[in-house]
Structures are given as C-alpha cells and as structure tokens.
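This report refers to the structure that appears directly beneath it.
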Amino acid sequence: MNLSLASCVAIGLGGVSACGKPPAIDHEAAAALFTEVPVTTAHGLSGLAADAGGALWTVAERDPVAYRISLDAALRPTVESFAIRGVPAGIDLEGIAVLDDAPRARRFAFGTEGQLEGTATVLRAERVGDALQIGARVELSDDAVGLKMKSNQGAEGICGSGETLLVAIEGAGQEGGRRWAPVLRVVDGAVRARYRVWLTSDVGKLSGLDCRLAADGSFRVLAIERHFAVTKVLRFTAPAAAEALTQVDLTPEVVLDLGPVLRSGLNLEGVAWTDDGRVAAVVDNQWRTITGPSELLVFRPGVVAAPR
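This is the structure:
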C-alpha cells in the first residue's frame, strides 16, 4: 500500500514533518546493516521473492510490470522486465510469490488490493515468453480473514510453493489489548487456515512476506511489520493446517528493529531470502510524491538470519 505523507501527518506519527520530505536515514548505522542498491524500474515497487537461480522478483504496484533483478558479487543489478497481462481494472499489485523451482521461474502468484472495502484477491500467473499471463483468481472474504477489510488494505504479502500459499492481509485485529495480523493459508484456491500473528507495536501492520515450505507442511517465514516510524523484520513458523478451516495464534520473533535507523525515511514493502542465505528488502519510493530511487536493501551476512 502507498502511504501518503498527508495520512502520516493526520495520524500524528513522528518522523515526518508537515508532509514535507521524509527525514534522512541514519546512514552511519545503516552502513553496518545493509547496502542500498538502486534499480531502474517503474516507481512504487512492492513485494519481493527469490527464484531458484538466486534472482529477486518484484512488481510495480500501479504499472503491470514485474522485474527480475540479478545481483553480482559486487551487488551490481541486472534488471529484466516482464509485462503482466490480464490485471483487472482498479487493482494494485502488492505482493509477488515464485511458486516453482525453475531457475528463472515460470509460475507466480500476486497479492492485490483495491479501492473498495472488503477487496483482497490472489492472482495466479504463468510466464509466457517475456510476459506474465494472469489466470486463476482467488477471492478472500472478510469471514476468511477474520476482520473487515478496509479499502487499500488487501493482500499485502504473499509467498508459497506449488498450490500452497501464505497471504498476509494489511489490517489488524485486537483482542485483550493486543493486536494481530491475519495470515491465511490458501491451498488449491481455498482458505485452509488463518494464523493470527501477534504484532509487536501499537501501529504496525504486515507489509511483506517470504517463506519456505518444509517437509512436514509447515512454513518458515520472514515478514516486515511497518508503519512509518515502525519497521521490524519478524520471523515465525506457521504450522501445517488441517483440512477444515482452523485458527492458530503465532508469536513472532523480532529479528531486526530498523525503526531507529530508517527513521520513517524508507518504506519497506517486501522481504525475501535466496537459497544461499542472502536477505533483501524492497523499497516503495512512491508516497504522495517520489521520495527517492527504486531500490533494494541487501542485508550484510548475519544481520538477518533466515528462518531455520
């Protein structure tokens, strides 16, 4: 979701003044944690996924284009673009998942949101030449999510393998003074489980998701919890689900708190790790205005440990 500077002032969160330019990040602290890698793409990137060849895939929210980004040993990027055909009108692409183990990936899923309340979908796609063709569509209801979805707060994060997906909804419920984010397990187009992931702040929501499916049916998961001054990398395990719809509560581990470093200056919209353990995040540079370059943050070895 694009977070406007107007909205940040309206809710009174620190770190952005008078809807002006976001404050600079703490570059000295950042240098010990990650490298900023600018990439030539459309503005407003969202979602990140790795393929078996070690490249990273991301998508432009409001331009129907996906990008495959290969990084060499010096983190110099090579960017390939793929038109996305068949995206429904009025839909923003918010997340991307690579669903096969082909070195250059052929099967994908996208998480989406729209202007209407209660709108969240998953779009399946296959690569055909230099384009990704949308096929099946999965509608996610308020009942399945476990709360009423607002406009522009749909399927913000997505990951998975084959016919089994995890979908993070950009919303939050409350119970007993605590906040939780809905993460759905979708199998063969049907919601099989709802995980309530207990959030670690009083404002954050899930904005990115990557996962690996284990032999026992569980998912090892990395996620981003963010909302302006809040930016945290989380880690948790989502257990296998029964055939009937079940609900499971999960308490994540905070792997890295980036709030004091980013200081509301960068909006992270996706996270992914490659098979060799490299972890990266993608920056959405499109708020009310363009706030900087499209870029990846590539974390230094050991800073963000991928789930075991």
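Taking the numbering used here, I'd label the letters of the sequence shown as residues 5 to 312.
We put the CB at the ideal spot given by N, CA and C, even for glycine.
- Residue pairing from DSSP places Ser50 in a beta bridge opposite Val63.
- For Asp147, the uninterrupted alpha helix (DSSP H) run begins and ends at Asp146 to Val149, by DSSP.
- Here Pro68 is buried, its C-beta having at least 16 other C-beta atoms within 10 Å.
- Just measuring C-alpha positions, the residue of Leu103, Ala113 and Pro81 sitting nearest Gly166 is Leu103.
- The residues Ala176 and Leu203, in chain order, have a CB closer than 6 angstroms to that of Arg183 in the same chain once the five nearest residues on each side in sequence are set aside.
- Ala34 and Asn271 have their alpha carbons spaced roughly 14 angstroms apart.
- The shortest CA-to-CA distance from Asp55 to any of Thr44, Cys163 and Gly133 is the one to Cys163.
- In the DSSP assignment, Gly281 falls outside any alpha helix (DSSP H), carrying neither H nor E.
- Per the DSSP secondary-structure output, Ala172 pairs in a beta bridge with Gly161 and Val187.
- Per the coordinates, the alpha-carbon of Leu210 lies some 10 angstroms from the alpha-carbon of Val171.
- Between Leu75 and Val302, the CB-CB gap stays under 8 angstroms.
- For Pro186 against Arg198, the beta-carbon gap comes to about 6 angstroms, under 8 angstroms, which counts as contact.
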